[in-house]
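Numbering (the numbering used here), first residue to last: 99 to 184. Take a look at the structure below.
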């Protein structure tokens, strides 16, 4: 299980973005006492959902800036962590 900071490193996003995704329900953490952890399976589920095209009801409006995740860089290192230079 990964901390929010470790999950952020894997996804090449900021730690606060990971917390925002958890708050929105897009990432489902495991609560252990007062801390939250994210499983690798949950990260993989999140990335798979990014690859799925939205239904017509969920069509995004105009793109606002860069994407949250650089998908090709995900899970490229043997440990699941991307190489440096996200």
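For each residue, glycine too, the CB sits at the ideal point set by N, CA and C.
When C-alpha distances from residue 125 are compared across 109, 131 and 132, the shortest belongs to 109. Going by beta carbons, residue 141 and residue 118 fall outside the 8 Å limit. Only exposed fits residue 128, as fewer than 16 other CB atoms lie within 10 angstroms of its CB. CA-to-CA, the gap between residue 135 and residue 100 works out to about 5 Å. For residue 122, the closest alpha carbon among the candidates 152, 144 and 150 is that of 144.
Close CB contacts of residue 120 within its chain, under the 6 Å cut and outside five residues either way in sequence, are with 127 (chain order). A residue is called buried once 16 or more other Cβ atoms fall within 10 Å of its Cβ, and residue 102 is buried on that count. Cα atoms of residue 130 and residue 111: separation of roughly 23 Å, rounded to the nearest angstrom.
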